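Since the structure comes first, as structure tokens, the remarks are kept for the end.
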């Protein structure tokens, strides 16, 4: 699922302004109209995109009803934009739900625990309304074990569960899913916090049905506790449809070999530690797997196209993946602390790579090697090993330029560095015209161009000017209002904008709010934007999914005014423990359009204006 | 090496066996307790992270060495890296420090030390049997002779934990013990009597 893919204009796809906006509780239409509606329903079956469906639902009541009856997939970009009851009353025949909760800055500890986005009201409503539910994808939702129990017991046909950046559940919940969902095809746990109370870890892997399973994808690389390996091996052996398996770092390379031997048909593999168990307990093992043995195993897995894991990689094992490198389209080394010398022989063989994630330990030299070989690269993410403001930088403008010159088809880049130059960013903007996502994180706060000493305005300006397909932008470094003027003027397709420690005055935010008419998601921190800038966006906030502003220059007065002018906007002020509750200053603002009004589950540190 | 005496304010040394996350030697600052108990572990993790960010090298602190000069306090949530990712590397460091599980074992009066791998044993019983085997030749016979006590020799098995304190072996869960034990010392004589008699 593409991250932040926004399928609908509305939070729940409820057409804003579609007449009464209620569920279709009208008198039944006359016979002839019903015939037409039946025909219409048959036609609408073929419409899958939520955006198209939203448009269709706005034509007239008849279309609204027909569309509501035929929609199978419900996409809810903000769980507070609509109430579960309303959604389940309008759409009666849903088979698949995507539900997103907390704002993205929650990932960085900016949203206090227990803020909300609880799964419970949704799973309860769906349990009653959608007994035939098959697929569920949750992102940044707070999921309790009891919610997973309810899920497991309520949907006899349940097939696919993806939990992304969720928390609140443990192995008990997983055990319930494994045991009760007999038709489970997909269980993907992606970057979740899976925590158990002390000593309550359950052997959930053993709970899968003993017969042949229909499992196609099993991912638990984020689960902190070790799983019962014998049970896992047996599970893989009786899951002939399995094509994706991602194990956690407790799985050693010896164990991985055994799993791979059971599932040579795998296309996507999360390799776990990629280190030998022998390292930890030399007395127990005879000595670890040899590279040659491991390489044979990889050679037998001819279908592999995606590799990840490598959590405790012992570099001498890396050559084992040579046999599959040429087939790889996706490689995630972002947990592997390897240097350029260790990367080069691997990457040199990866001619077909499209997605590459890596740690900055490979340095500019490593990136140059990537640029030399991976001509088809679409997505690159370079993460910092030492994520601090003042750490030693390992990658720089040199690496960025090299990538831009070698990987012309690049569409998406996330690049962490300590400092950057305008010239490198400009070069990238010229070389990579297909860029849709440009996220540059200069970790040093307010860092100017380290060669010229100037702000980074021109670099980002060039990006929005030259990359005409740009939809997502994250800026950093020393930036004046000028950068925002550029963004407002040229960033006409930008939907998501992330700003940190940037800008001089209210003008900066005004430029963006007045210029970027496709903007949907705006997250700002530590920038000097105040009430007057906030008020300049009144014309646009109903078109957006959310706005987040923290540590800016907002006050209660300005936020209250927004709340008054826009009654369908929920304006939340979040106050951390340190703050004085009488203070006029607003340090954290989160606002979003909603059909549901103020939520009734707000904790005490949230004030809804 | 004399073990650290127990604290006056914390006679049972409860703090050392307190179950919490984070490197020993760092104190988690108070966070608002969330209503949801599940969140508490993560809150501690995040609190430790913030605290960790505030000093340059907490690992140096717990070894009792000179801490490097404190770097300026890190800004919360910057750079924007998910805690999940940050913790993956930090927990690896913690595990690596404890890994190998090879610890030195000294015995009072023995001329040389031994080294054992704690991972090999499943629990305290096996460990005690192994130690008795290792030091059979030296101690127990002689000691009981000297002290004039019964055939059960007076000794206490103690260990040095990550804080540098000397603890009696057997109080904490096994897994916790092996991950925090840095070395073992078999105490004999009056010191041992003192340790064994405490509850």
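Residue numbers (UniProt numbering), protein chains in the order written: chain W, 1 to 609; chain R, 1 to 199. We put the CB at the ideal spot given by N, CA and C, even for glycine. Everything numeric in this text was worked out from a predicted model, so none of it was measured.
Which same chain residues end up closer than 6 Å to residue i when comparing Cβ atoms and leaving out the 5 residues on each side of it in sequence?
i: residue 379 of chain W; result: 355, 412
i: residue 606 of chain W; result: 572, 574
i: residue 22 of chain W; result: Unreliable positioning characterises residue 22 of chain W in this predicted model, as indicated by a pLDDT of 42, which lies under 50. The coordinate reading is nonetheless provided below. Same-chain partners within the cutoff: there are none.
i: residue 486 of chain W; result: 461, 464
i: residue 491 of chain W; result: 464, 516
i: residue 558 of chain W; result: 531, 534
i: residue 596 of chain W; result: 82, 83
i: residue 176 of chain W; result: 148, 149, 152
i: residue 299 of chain W; result: 323
i: residue 325 of chain W; result: 349, 350
i: residue 186 of chain R; result: 107, 155, 157
Where does the unbroken alpha helix (DSSP H) through residue i begin, and where does it stop?
i: residue 296 of chain W; result: 291-300
i: residue 256 of chain W; result: 253-262
i: residue 325 of chain W; result: 322-325
i: residue 663 of chain W; result: Beyond the ends of chain W as shown, which are 1 and 609, falls residue 663 of chain W; an answer cannot be given.
i: residue 597 of chain W; result: No alpha helix (DSSP H) contains residue 597 of chain W, which DSSP labels as neither H nor E.
Identify every residue that forms a DSSP beta bridge with residue i.
i: residue 156 of chain R; result: R/187
i: residue 590 of chain W; result: W/548, W/572
i: residue 383 of chain W; result: W/359
i: residue 441 of chain W; result: W/416
i: residue 117 of chain R; result: R/102
i: residue 511 of chain W; result: Answer by DSSP bridge pairing: none, since residue 511 of chain W is not bridged.
i: residue 472 of chain W; result: W/437, W/496
i: residue 75 of chain W; result: W/98
i: residue 428 of chain W; result: For residue 428 of chain W, which the question treats as bridged, DSSP gives no partner whatsoever.
i: residue 137 of chain R; result: Bridge partners of residue 137 of chain R: none, in fact.
i: residue 217 of chain W; result: W/186, W/244
i: residue 142 of chain W; result: W/118, W/167
Using 8 Å as the cut-off, classify the Cβ of residue i as near or not near the heavy atoms of the ligand ATP, replying yes or no.
i: residue 467 of chain W; result: Ligands are entirely absent from the displayed structure, and the ligand ATP is therefore not among its contents.
Excluding the five sequence neighbours on either side, which residues of its own chain have a C-beta within less than 7 Å of the C-beta of residue i, listed in chain order?
i: residue 275 of chain W; result: 252, 253, 312, 313, 314
i: residue 262 of chain W; result: 233, 236, 237
i: residue 555 of chain W; result: 531, 584, 585, 586
i: residue 102 of chain W; result: 111, 115, 117, 140
i: residue 50 of chain R; result: Residue confidence for residue 50 of chain R is low, a pLDDT of 48 falling below 50, so the modelled location carries little weight; the figure read from the coordinates is stated next. Closer than 7 Å at the Cβ level, and outside the excluded window around residue 50 of chain R, lie 76.
i: residue 590 of chain W; result: 103, 546, 548, 572, 574
i: residue 507 of chain W; result: 481
i: residue 114 of chain R; result: 105, 134
i: residue 408 of chain W; result: 431, 432
Our contact map puts residue i next to residue j with C-beta atoms below 8 Å; I'd like the distance itself, whole angstroms only.
i: residue 641 of chain W; j: residue 416 of chain W; result: No answer is possible for residue 641 of chain W: the residues shown for chain W start at 1 and end at 609.
i: residue 220 of chain W; j: residue 189 of chain W; result: 5 Å
i: residue 131 of chain W; j: residue 155 of chain W; result: 7 Å
i: residue 467 of chain W; j: residue 513 of chain W; result: The Cβ separation is near 21 Å, so there is no contact.
i: residue 391 of chain W; j: residue 428 of chain W; result: Not a contact, Cβ separation roughly 23 Å.
i: residue 364 of chain W; j: residue 334 of chain W; result: The Cβ separation is near 17 Å, so there is no contact.
i: residue 247 of chain W; j: residue 216 of chain W; result: With a Cβ gap of about 16 Å, residue 247 of chain W and residue 216 of chain W do not count as contacting.
i: residue 338 of chain W; j: residue 373 of chain W; result: Contact doesn't hold; Cβ gap of about 16 Å is too wide.
i: residue 367 of chain W; j: residue 402 of chain W; result: 5 Å
i: residue 340 of chain W; j: residue 320 of chain W; result: Actually they are not in contact, since the Cβ atoms of residue 340 of chain W and residue 320 of chain W sit about 20 Å apart, beyond 8 Å.
i: residue 318 of chain W; j: residue 342 of chain W; result: 6 Å
Closer than 8 Å by C-beta to residue i: which residues in its own chain qualify, once you throw out the five before and the five after it? Chain order, please.
i: residue 85 of chain W; result: 125
i: residue 604 of chain W; result: none
i: residue 494 of chain W; result: 464, 470, 471, 472, 473, 487, 516, 518, 519
i: residue 119 of chain R; result: 101, 178
State the start and end residues of the unbroken beta strand (DSSP E) segment that holds residue i.
i: residue 268 of chain W; result: 268-271
i: residue 137 of chain W; result: 135-139
i: residue 188 of chain W; result: 186-190
i: residue 167 of chain W; result: 167-169
i: residue 111 of chain W; result: First-last for residue 111 of chain W: undefined, no H or E at that position.
i: residue 332 of chain W; result: 330-333
Looking at chain W, which residues of the stretch 76-88 of chain R have a Cβ within less than 8 Å of any of its Cβ atoms?
76, 77, 78, 79, 80, 81, 82, 83, 84, 85, 86, 88
Got a sec: which bits of the stretch 419-451 of chain W sit with their beta carbon under 7 Å from any beta carbon on chain R, in order along the chain?
441, 443
For the stretch 101-113 of chain W, enumerate the residues whose C-beta is nearer than 8 Å to any C-beta of chain R, in chain order.
105, 107, 108, 109, 110, 112, 113
Along the stretch 219-240 of chain W, where does the CB come closer than 9 Å to a CB of chain R? Name the residues.
222, 224
At a CB distance below 8 Å, what residues from the UniProt domain "COI1 F-box" (33-72) of chain W approach chain R? Give them in sequence order.
none
With 8 Å as the limit, tell me which residues of the stretch 371-401 of chain W have their beta carbon closer than that to any beta carbon of chain R; keep them in chain order.
383, 384, 385, 387, 388, 389, 390
If contact means a Cβ-Cβ distance below 9 Å, which residues of the stretch 301-316 of chain W contact chain R?
311, 312
Output needed in chain order: residues of the stretch 189-203 of chain W with a Cβ under 7 Å from some Cβ in chain R.
191, 193, 195, 198
Contact set between the stretch 321-355 of chain W and chain R, restricted to residues whose Cβ is under 7 Å from the partner:
335
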